[in-house]
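Read the structure below first, then the notes.
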Amino acid sequence: MSALVLASSSATRSKLLRNAGLDFTAQPARVDEESIKTSMHAEGAKPIEAAQALADLKAARISSNWPDAFVVGADQILECEGVWFDKPESIAAAQGQLASLSGRTHHLHTAAAVAKEGTLIWRDSAHATLTMRTLDDAAIASYLASAGDTVLASVGAYQLEGRGIQLFAAVQGDFFSILGLPLLPLLDFLRGHGVVPA
5 MSALVLASSS
15 ATRSKLLRNA
25 GLDFTAQPAR
35 VDEESIKTSM
45 HAEGAKPIEA
55 AQALADLKAA
65 RISSNWPDAF
75 VVGADQILEC
85 EGVWFDKPES
95 IAAAQGQLAS
105 LSGRTHHLHT
115 AAAVAKEGTL
125 IWRDSAHATL
135 TMRTLDDAAI
145 ASYLASAGDT
155 VLASVGAYQL
165 EGRGIQLFAA
175 VQGDFFSILG
185 LPLLPLLDFL
195 RGHGVVPA
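Residue numbers (the working numbering): 5 to 202.
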């Protein structure tokens, strides 16, 4: 079977692949995500277009180091009323993000790509719509105290797979894509190319 590489440092994406029984190597792609997102946003690109561009770039960049492997790149952008959110840099920033999302509906745009021998051979994207409950300062503080620094790894400052689900009134969309990877379409592609057993 061909080697599989995940071009990401995301512990959640790694966990999704591990839980699905895949053997892979994780090698993060060094990409200036902030610069690319800022530029594309300024040019009027849609959030999914920026997420796909980043997923493509990550997969292609790592693929040049692993010519015989299938390399998976992924990215995700959270958008709320025209504002794009990035991973918070501190707990204080996470508190501000959650306060901004409180009582509002936001959208998660998730993109993935697979490259082999430097060429993109597969792409997929997914959209989810999430409505957060109205949260007061005490509720946000309680959540952040419980979740700790793990919130810094999420564009929304929450982990839906844990206590973060209590922050929400409604969630529409594929669960795995919300976590950061359109897993079912990816597994289908990998099975079709003999990367994982059928």
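Don't be surprised by glycine CBs; every beta carbon is placed ideally from N, CA and C.
Inset, instruction - Within the same chain, show all residues whose beta-carbon is closer than 6 Å to that of A202, passing over the 5 residues directly before and after it, in chain order. - result: R195
Legend entry - Neighbourhood of G122 by C-beta distance below 7 Å, restricted to the same chain and skipping five residues each side: A64, S67, S68
Legend entry - Endpoints, the alpha helix (DSSP H) within which G196 is located: 187-196
Inset, instruction - Using beta-carbon positions only, say whether A132 and L112 come within less than 8 Å of one another. - result: yes
Legend entry - Local Cβ density within 10 Å of S13, reported as buried at 16 or more and exposed below that: exposed
Legend entry - Check whether A59 and A115 have beta carbons under 8 Å apart: yes
Inset, instruction - Check whether the Cβ atoms of D128 and P189 sit closer than 8 Å, and answer yes or no. - result: yes
Legend entry - Within 8 Å, strictly: CB atoms of R17 and A78: When the beta-carbon positions are compared, R17 and A78 come within less than 8 Å of each other.
Legend entry - Residue interval of the beta strand (DSSP E) (run including Q170): Premise fails: Q170 is in no beta strand (DSSP E) and is neither H nor E.
Legend entry - C-alpha gap between W126 and D141, whole angstroms: W126 and D141 have their C-alpha atoms some 43 Å from each other.
Inset, instruction - With DSSP as the reference, label V9 as helix, strand or coil. - result: strand
Inset, instruction - Determine the extent of the beta strand (DSSP E) in which T114 is found, giving its start and end residues. - result: Annotation for T114: the continuous beta strand (DSSP E) segment containing it runs 109-120.
Legend entry - Proximity of W70 and A7 at Cβ, strictly below 8 Å: yes
Legend entry - Residue closest to V87, alpha-carbon to alpha-carbon, out of R167, D72, G48: G48
Legend entry - Span of the alpha helix (DSSP H) around D79: Here D79 belongs to no alpha helix (DSSP H); instead the beta strand (DSSP E) covers 74-84.
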